Structures are given as C-alpha cells and as structure tokens.
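Peer 1:
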Amino acid sequence: MSVSEVHAEMNGVAIRSDRVSRHYHMGEALIRAVDQISLEVRAGEFLALLGASGSGKSTLLNLLAGLDRPTAGAIFAQGRDLAAMSSQELAGYRNRTVGMVFQSFQLLPRMTLEENVELPLRLAEVPRGERPARVRKALERVRLGGRVKHRPTELSGGEQQRAAIARALVNQPAILLADEPTGNLDSKTGEEIMNLLAEIHRPVSGPGCTIVLVTHERSLAERCADRIVSLSDGSIANEERLR
Amino acid sequence: MKFTDLTELAARNLREAILRNSLTTLGIAVGVASLVALLSLGVGLQQLVNRSVARAGLFDTVSVRPRQSNPFRSGGGGQRRATEDVQAPRVLDDAARREISLLPNVIEVDPEIRFTAEAHIEPRSQLTLVAGMPPSSESSGSLEGLTGHFFSAPNAEEAIIQGDLAKRLLDDGKTPESLLGQEIALRFAQRQALPAAPDPTQPGSAVGPDEEAMGFSIIPGEKNFRVVGVLPTSDSGNGPVGFNAAGIYLPLAMAESLEVVQGSDLRDVARAASGEGRRYAALNVRASSPAGVAQVESAVRGMGFAAFSLIDVTRNLRTFFAIFDLFLGIFGSLALAVASLGIINTLVMAILERRREIGVLKALGAADRDVRQLFFAEAGVMGLVGGAFGVLMGWGIGRAIHFGTAVYLKRQNLTPPNIWSVPWWLVLGAVAFAVLVSLVSGIYPASRAARLDPVEALRYE
Numbered sequence: 001m002s003v004s005e006v007h008a009e010m011n012g013v014a015i016r017s018d019r020v021s022r023h024y025h026m027g028e029a030l031i032r033a034v035d036q037i038s039l040e041v042r043a044g045e046f047l048a049l050l051g052a053s054g055s056g057k058s059t060l061l062n063l064l065a066g067l068d069r070p071t072a073g074a075i076f077a078q079g080r081d082l083a084a085m086s087s088q089e090l091a092g093y094r095n096r097t098v099g100m101v102f103q104s105f106q107l108l109p110r111m112t113l114e115e116n117v118e119l120p121l122r123l124a125e126v127p128r129g130e131r132p133a134r135v136r137k138a139l140e141r142v143r144l145g146g147r148v149k150h151r152p153t154e155l156s157g158g159e160q161q162r163a164a165i166a167r168a169l170v171n172q173p174a175i176l177l178a179d180e181p182t183g184n185l186d187s188k189t190g191e192e193i194m195n196l197l198a199e200i201h202r203p204v205s206g207p208g209c210t211i212v213l214v215t216h217e218r219s220l221a222e223r224c225a226d227r228i229v230s231l232s233d234g235s236i237a238n239e240e241r242l243r
Numbered sequence: 001m002k003f004t005d006l007t008e009l010a011a012r013n014l015r016e017a018i019l020r021n022s023l024t025t026l027g028i029a030v031g032v033a034s035l036v037a038l039l040s041l042g043v044g045l046q047q048l049v050n051r052s053v054a055r056a057g058l059f060d061t062v063s064v065r066p067r068q069s070n071p072f073r074s075g076g077g078g079q080r081r082a083t084e085d086v087q088a089p090r091v092l093d094d095a096a097r098r099e100i101s102l103l104p105n106v107i108e109v110d111p112e113i114r115f116t117a118e119a120h121i122e123p124r125s126q127l128t129l130v131a132g133m134p135p136s137s138e139s140s141g142s143l144e145g146l147t148g149h150f151f152s153a154p155n156a157e158e159a160i161i162q163g164d165l166a167k168r169l170l171d172d173g174k175t176p177e178s179l180l181g182q183e184i185a186l187r188f189a190q191r192q193a194l195p196a197a198p199d200p201t202q203p204g205s206a207v208g209p210d211e212e213a214m215g216f217s218i219i220p221g222e223k224n225f226r227v228v229g230v231l232p233t234s235d236s237g238n239g240p241v242g243f244n245a246a247g248i249y250l251p252l253a254m255a256e257s258l259e260v261v262q263g264s265d266l267r268d269v270a271r272a273a274s275g276e277g278r279r280y281a282a283l284n285v286r287a288s289s290p291a292g293v294a295q296v297e298s299a300v301r302g303m304g305f306a307a308f309s310l311i312d313v314t315r316n317l318r319t320f321f322a323i324f325d326l327f328l329g330i331f332g333s334l335a336l337a338v339a340s341l342g343i344i345n346t347l348v349m350a351i352l353e354r355r356r357e358i359g360v361l362k363a364l365g366a367a368d369r370d371v372r373q374l375f376f377a378e379a380g381v382m383g384l385v386g387g388a389f390g391v392l393m394g395w396g397i398g399r400a401i402h403f404g405t406a407v408y409l410k411r412q413n414l415t416p417p418n419i420w421s422v423p424w425w426l427v428l429g430a431v432a433f434a435v436l437v438s439l440v441s442g443i444y445p446a447s448r449a450a451r452l453d454p455v456e457a458l459r460y461e
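Each protein sequence line maps, in turn, to chains A and B. Once you know that position 42 of the first sequence is 42 in my numbering, the rest is easy, because the numbers rise by one and skip nothing. Once you know that position 381 of the second sequence is 381 in my numbering, the rest is easy, because the numbers rise by one and skip nothing.
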C-alpha cells in the first residue's frame with residue numbers, strides 16, 4: 001500500500017492494526033501473544049482493551065506504541081506502517097505521536113517531577129526557553145503544579161501516576177496509551193485517575209485526545225470508554241460499542 | 001538529544017553513583033598523571049639541552065675559518081671535502097667579511113676575538129681566555145643568569161666575568177657578585193706596528209729580523225676594566241658555552257681595538273699569506289633562523305672557507321628526544337590502559353543498574369543513538385574530569401621529582417638545572433588523550449545499552 005493510499009484510508013483513524021501478530025519462541029514452544037489482530041482506533045476515541053492476564057493486551061499496546069515490532073502484519077499511524085520504520089523513526093513516533101502511561105508509573109526516582117516531565121521535551125529537542133512553561137502547564141493539568149520540585153518517592157501512588165500522565169502529555173501527543181494505569185492504586189485513587197483520563201479525552205476546552213486503555217477491570221472500562229475490545233489468547237474475543 | 005542536554009544528563013547520572021564513578025575517574029587521573037609526570041620530565045630534559053645549545057649559538061651560528069691546506073684537518077664529511085676541493089683556500093679578511101655579510105639569511109658577521117690574558121685583582125692573578133662579545137648577545141639569551149648588566153656601550157671599558165674565574169680571583173668566602181663595580185686588570189700580548197723608518201739614534205728602536213718578517217712587533221699590554229656583570233658558575237649548567245666560551249668577556253669593538261696578538265697572526269706569518277686589510281682567525285656568522293644555517297654554511301664553503309655548525313648534531317638530538325618521549329609516553333599510557341578497563345566495568349555496571357531507566361527513556365522517545373550518546377557522554381565526562389585532575393596530579397608529581405632532584409644536586413654542591421616542564425600542548429594533549437581513551441572504552445557499554453529491548457528493560461525489576 002502506498003503512502004497516499006494509506007493516508008486516504010487513515011481518514012479519521014488514529015491508528016490501525018492489520019492482521020498484526022507477535023509470536024515468541026520459548027524453548028520449543030511458540031507463544032502467540034498477539035495473533036492476527038485487526039483493529040481500528042478512530043481519532044478522538046476512548047478504546048478499552050479488556051482481558052485477563054496473558055490475553056495479549058499489553059503486548060498489543062506495546063506494538064501500537066512502537067515499543068515492539070510485530071512478527072507479522074502491519075500497524076498504520078499517521079499514514080505510515082510502524083513495522084517499516086527505522087528505529088530512529090520509531091523513536092520519533094514514540095516521542096511525538098504517542099504518550100505512554102504504565103502500571104508502575106516508571107518515573108525516574110532521582111529526578112524531580114519537573115525534570116521527569118521535561119524528559120520528552122529534551123528528547124524532542126524543544127528549545128530550553130519553552131520547556132518550563134510547558135512542564136508547568138502539563139503538571140497543572142494533572143493538579144500537581146505545587147509539587148514540581150518533589151521527587152517521585154515523596155509522592156503518593158496517585159500523584160505519581162498523575163505525574164506520569166503529565167509526562168505522557170507534555171509533548172501533546174495525538175494518542176495516549178495507558179497500560180493498567182490503576183493497577184497499582186487503591187480503588188478511590190484509581191477512580192481519580194480514570195476521571196483524569198476522561199477529562200483528558202474530552203476537555204472542557206480545546207481538542208481532546210485519542211486514548212487506548214488496557215485494563216482487566218470491566219467496571220473501569222465501562223465508565224469511560226467509547227468502545228471495549230476484549231482479548232483472549234492473543235485474539236479479539238468480543239467488541240462492544242458503549243457510546 | 002542536544003549536546004547540552006546530553007552532558008547535563010550524563011553529569012547527573014555520574015553524580016548518582018558518586019563513589020564508584022569517582023574511583024573510576026581517579027583511575028583515569030592516575031593514568032594521566034603518570035603520563036604527564038613522565039613526559040614533563042622528558043620535555044624538561046629536552047628543553048634543558050635545547051637551551052644549552054641555543055645559548056651557545058649552535059642553532060643559528062656558523063663558525064667560519066680560513067680553510068687548512070690539508071683537507072683532512074678541516075673536519076666534516078666527504079661532501080664537505082669535495083666542495084672545498086673545488087675552491088682554493090682564501091684569506092679571511094675584511095673583503096671576505098663583507099662578502100659573507102651580503103649572503104642571504106645572514107644577519108650578523110662578527111670577528112671571533114679570543115686571546116689568552118692574565119686577569120689580575122690584587123693580590124691574585126689567573127690566566128684565562130678573553131673573548132669579544134657582540135652587542136646582539138644581550139638579546140640572544142646567551143647571558144641567562146647574568147648578575148649585573150650588559151656593557152653600557154660597544155667600546156666601554158667594561159667586562160663580564162665568568163663565576164668560576166671570579167671565585168679563583170677572590171678570597172675564600174667572597175661571592176663572585178662582590179666583584180661587581182671593581183676594576184680588573186688584563187695583561188696580554190699586544191701587536192705593535194713597525195715604525196716606517198727606524199730611528200738609529202733611539203736605542204731599542206731597531207727592528208729585529210723576526211719582527212721584520214712578521215710585519216709587527218709584540219709588546220706587553222695592560223688595561224683595566226670595570227666588572228659590570230657576573231655569569232653563573234659552570235656547575236649551574238648556565239652561562240655561555242660552545243663557540244664563544246671564555247672566562248672574561250669584553251665588548252667586541254673594545255676587544256678588537258686592543259690589537260691583541262691572536263693565533264691567526266702567527267699563522268699568517270708562517271704562511272706569508274697575502275690579503276687586504278684586517279685578517280681574522282674566525283668569523284661568527286649569525287643566520288636569521290636555524291633553518292637558514294645549512295644554506296649559509298653551504299654558501300660560505302662555496303666561497304672557499306671552512307664552515308662549521310651543529311645543525312646535524314641538533315637534528316640527531318631532536319630524533320633522540322622524540323624516541324625518548326615516545327617511550328616515556330608508552331610507559332605512562334600503560335596506567336591509562338588499566339584505567340580504561342575501569343571505565344568499561346563502571347559503565348557495564350551502570351547498564352545493569354539503569355536497565356529500567358533505559359527502557360523508560362526509549363518509551364519516551366529516545367532513539368538507540370540517544371542512549372548510545374548518553375553513555376558515551378558519561379565516559380567522556382569521566383575522561384575529561386579524570387584528564388584534568390590527572391594533569392594537576394602529574395604536575396604535582398613532576399614538581400615533586402624536580403624538587404627531589406634539586407635537593408639531591410644541592411647536597412652534591414651542584415646547582416640544579418630545570419629538568420621539568422609542562423607545556424600547553426602536553427596539558428591539552430593529555431586531557432584529549434584521556435577523553436579519547438574513555439570514549440573508546442565506552443564503545444562496548446554504549447552499544448550494549450543502545451541495543452536493549454525497551455519492553456524487556458521496562459519489565460526489569
């Protein structure tokens with residue numbers, strides 16, 4: 001498929017996987033973590049990938065994030081096939097097109113919040129003069145404006161996850177990919193995080209963000225997602241549109 | 001990632017494991033220190049020899065003498081003799097001096113005035129060599145360590161005395177510098193022109209057959225000079241040596257005007273050579289630069305004179321020191337080679353510890369190249385800091401060796417020369433070498449870090 005054909009087809013689609021597979025060899029056994037999944041996420045959509053542990057939802061998210069490469073099939077984002085990108089191009093995609101939020105926050109403990117949030121801007125070679133304002137704006141968006149000089153270890157789990165969301169959003173990505181963002185939090189804090197994601201998806205003012213959420217909690221997915229895709233053994237088991 | 005961000009992150013990472021990184025950096029510093037200490041001594045020794053040779057005028061001076069009829073006595077190799085055989089020997093007179101002064105690259109032609117005289121300061125006398133010193137000597141560096149001052153005028157009745165001679169002329173316990181301002185009498189053999197027509201009524205005015213044959217008579221001469229300068233004693237390694245070494249120096253014009261009998265006068269008598277005007281035993285020809293010496297030497301030989309310079313000797317000297325410094329550098333670099341293993345070890349450990357961090361960086365958009373550069377930058381910063389610290393340590397070690405040598409030589413009643421030098425090229429070269437070695441050591445760890453699978457790295461606990 002040519003780039004122009006892909007562009008035409010991508011009209012209104014943020015990211016699309018086309019019979020994408022990720023197989024591993026473990027000794028003699030072949031593990032089909034993701035097996036021939038075709039999925040389309042429309043721009044501005046909030047999609048929840050639901051499944052039990054080992055269903056392949058995190059592997060699919062890693063493929064969509066450009067952290068991993070498929071063993072077969074293709075993933076199209078911004079009119080380009082991620083599988084055909086060089087590692088340099090893939091790094092640029094991870095930096096500018098997608099933002100990642102992880103279950104275990106993945107903040108660098110020796111850096112302050114503002115330094116953690118500044119990291120994607122450093123990698124994007126954003127001029128130094130612009131960075132403080134963008135970092136402050138991102139942290140204020142997650143209501144951590146007063147904690148910029150704190151280190152992650154000085155924050156609660158919920159605050160750490162909010163800081164991780166600020167870091168994921170600081171480069172204004174088109175797609176936010178969240179892998180079990182409430183998995184390490186109590187239910188009340190988890191709810192706060194989900195509310196924050198909903199706010200990011202449909203802000204009071206300004207454009208929203210496409211969100212792909214990986215979770216094993218149906219209730220969370222039902223609260224915020226426009227659509228739920230259930231995975232089982234590396235394949236799509238069910239798909240339901242909620243909104 | 002931009003260079004400033006890269007170095008900032010690298011410095012931050014290094015600060016996090018401060019003890020381990022400091023020890024690794026110290027290893028580099030010790031390696032650089034040994035390199036700098038050894039090379040600074042090598043360079044110092046080379047400069048000491050160069051200074052001595054330069055002071056003697058051996059780098060830019062050609063000594064010109066009338067050629068001997070026997071080619072084997074003129075010295076030099078076959079090529080020189082072949083050249084000399086082409087031209088007949090010539091008399092070194094005023095005409096020849098003018099001709100030489102017009103040669104390209106020649107900036108000064110001075111007669112070599114050297115004679116034996118008796119130096120007398122009541123109550124002691126000493127036989128010594130006296131030499132004429134041209135005004136250019138004041139700025140040529142040949143008077144390093146002079147106490148007092150240079151001659152006030154080209155024909156001033158002033159003398160500069162060598163410290164050794166001064167010691168022999170003085171009572172025990174007095175320093176050579178105590179001679180400054182004192183009068184010193186010189187007694188020497190003086191030429192006197194023969195009278196045009198001897199007066200038979202005056203006793204003693206008759207010219208003997210020997211004198212008639214020589215064309216002049218020899219009478220005792222004596223003149224007083226005021227000591228204005230004292231040169232360091234020879235055991236200090238300073239003071240003029242080589243072509244123009246003497247116990248007492250007089251202004252050249254003054255020395256010429258004394259009409260002292262020199263070896264060349266007697267040689268001319270023996271040869272009955274003819275020539276116009278004044279004849280010289282030797283001329284010292286100064287070239288505009290050491291590079292011009294060979295050309296001047298060749299031109300002078302072509303004119304029929306014997307010419308001698310130490311340009312070939314100094315070339316060999318430079319080769320010797322180049323090899324000497326190379327060996328010192330190799331030995332000094334061994335410690336740095338060991339330090340490079342420390343860098344590899346530290347960075348490999350850092351990869352293991354920061355595996356998850358590398359995964360996060362990659363997830364946020366760091367390319368393999370960014371991760372590689374980050375580890376390179378960390379290795380480079382360690383090399384830079386270790387190199388700079390090593391130069392300081394090397395400077396200190398070299399200084400300590402120099403100090404120890406000086407103490408030892410002083411105990412042996414010798415004046416210690418400066419055998420230690422840390423030139424700018426050594427400082428910059430050592431730091432650059434440390435950075436280079438560190439970067440080379442960082443190749444493997446940096447490549448390994450860059451190749452890390454981000455998914456695996458993020459899972460790492």
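C-beta: ideal position from N, C-alpha, C; glycine also. This one's a predicted model, so the numbers in the text were calculated from it and none came from an experiment.
#1: So with CB distances below 8 Å, who are the chain B contacts of A:R134?
#2: Under a Cβ-count criterion, where at least 16 other Cβ atoms within 10 Å of its own Cβ denotes burial, should B:I18 be classed as buried or exposed?
#3: Just confirm the distance between the C-beta atoms of A:R42 and A:G66, as a whole number of angstroms; I'd bet it's less than 8 Å.
#4: Around the C-beta of B:E177, are 16 or more other C-beta atoms found within 10 angstroms, so that it is buried, or is it exposed?
#5: Mapping DSSP to helix, strand and coil, what is A:R202?
#6: Using only the alpha-carbon positions, how far apart do B:V455 and B:A430 sit?
#7: Indicate whether at least one CB of chain A lies closer than 9 Å to the CB of B:A377.
#8: Compare the C-beta of B:T4 against all C-beta atoms of chain A and say whether one is closer than 9 Å.
#9: I'd like the list of long-range same chain contacts for A:V117, defined as Cβ closer than 8 Å, with 5 residues on each side in sequence excluded.
#10: Per DSSP, A:N238 forms a beta bridge with which residues?
#11: Secondary structure at B:G76, three-state DSSP: helix, strand or coil?
#12: Per the contact definition of three or more C-beta pairs closer than 8 Å, is the stretch 336–349 of chain B in contact with the stretch 318–328 of chain B?
#13: Got a sec: which bits of the stretch 7–36 of chain B sit with their beta carbon under 8 Å from any beta carbon on chain A, in order along the chain?
#14: Quick one: what does DSSP say B:D60 is sitting in, helix, strand or coil?
#15: Taking only runs that begin and end inside the stretch 88–170 of chain B, name each unbroken alpha helix (DSSP H) of 4 or more residues, in chain order.
#16: Please report whether the beta-carbon of B:A446 lies at a distance below 9 Å from any beta-carbon of chain A.
#17: Less than 9 Å between CB atoms is the rule here; does B:E357 satisfy it with respect to chain A?
#18: For chain A, find out if any of its Cβ atoms is closer than 9 Å to the Cβ of B:P416; answer yes or no.
#19: According to DSSP, simplified to helix, strand and coil, what is B:Q192?
#20: Taking the C-alpha atoms as reference points, what is the distance between B:V227 and B:V435?
#21: Using 9 Å as the limit for Cβ to Cβ distance, is A:P181 near chain B?
#22: Could you check whether the Cβ of B:S236 sits closer than 9 Å to any Cβ belonging to chain A?
#23: Should B:I330 be labelled buried (16 or more other beta-carbon atoms within 10 Å of its own) or exposed?
#24: Residues of chain A with a CB under 7 Å from the CB of B:P454: which are they?
#25: Is it true that the CB of B:L361 sits closer than 9 Å to the CB of B:V371?
#26: What number of angstroms, rounded off, separates the C-alpha of A:F46 from the C-alpha of B:L452?
#27: Among the candidates B:D171, B:L374, B:G221, whose CA atom is the shortest distance from the CA of B:T116?
#28: Determine the closest residue to B:A185 out of B:S125, B:S137, B:K167, with distance taken between C-alpha atoms.
#29: Out of B:A363, B:S309, B:R15, which has the shortest C-alpha to C-alpha gap to A:T97?
#30: Between B:L231 and B:L179, how many whole angstroms is the CB-CB distance? I'm expecting something under 8 Å.
#31: So A:Q160 and A:P152 are in contact, right, with Cβ under 8 Å, and what is the actual spacing, rounded?
#32: In or out: A:S53 buried (at least 16 other Cβ within 10 Å) or exposed?
#33: Residues in the same chain with beta-carbon distance under 6 Å from B:G239, minus the five sequence neighbours each way, listed in chain order, please.
#34: On a CA-only basis, which of B:I419, B:G390, B:D171, B:E256 is nearest B:F403? Give me that one, please.
#35: Would A:P119 and A:L113 qualify as a contact pair, given that the criterion is a beta-carbon distance under 9 Å?
#36: If the cut is a Cβ gap below 9 Å, which residues of chain B does A:G92 touch?
Peer 2: With the structure as the only source:
#1: Near A:R134 there are no residues of chain B at all, since even the closest Cβ is about 14 Å away, more than 8 Å.
#2: exposed
#3: Between A:G66 and A:R42 the Cβ distance is about 19 Å, and since that is not below 8 Å, they are no contact.
#4: exposed
#5: coil
#6: 41 Å
#7: no
#8: yes
#9: V135, A138, L139, A163, A166, R167, V170
#10: A:S230
#11: In this predicted model, B:G76 has a pLDDT of only 44, less than 50, meaning its place in the structure is not dependable; the value taken from the coordinates is given anyway. The answer is coil: DSSP assigns B:G76 none of H, G, I, E or B.
#12: no
#13: L9, R12, E16
#14: coil
#15: 94–101, 137–140, 163–169
#16: no
#17: yes
#18: no
#19: strand
#20: 56 Å
#21: no
#22: Because B:S236 sits at a pLDDT of 45, beneath the cut-off of 50, its placement in the model cannot be relied upon, and the following sentence gives the value as read from the coordinates. Not one chain A Cβ lies under 9 Å of B:S236.
#23: exposed
#24: L67
#25: yes
#26: 31 Å
#27: B:G221
#28: B:S125
#29: B:A363
#30: Not really, about 11 Å apart at Cβ, beyond 8 Å.
#31: 5 Å
#32: exposed
#33: Its pLDDT being 45, under 50, B:G239 is placed unreliably in this model, and the value from its coordinates should be taken loosely. Counting only Cβ-Cβ distances below 6 Å, and skipping sequence neighbours, we find L231, P232.
#34: B:I419
#35: Correcting the residue identity first, residue 119 of chain A is Leu in this sequence and not Pro. No, Cβ-Cβ distance for A:L119 and A:L113 is not below 9 Å.
#36: G365, A367
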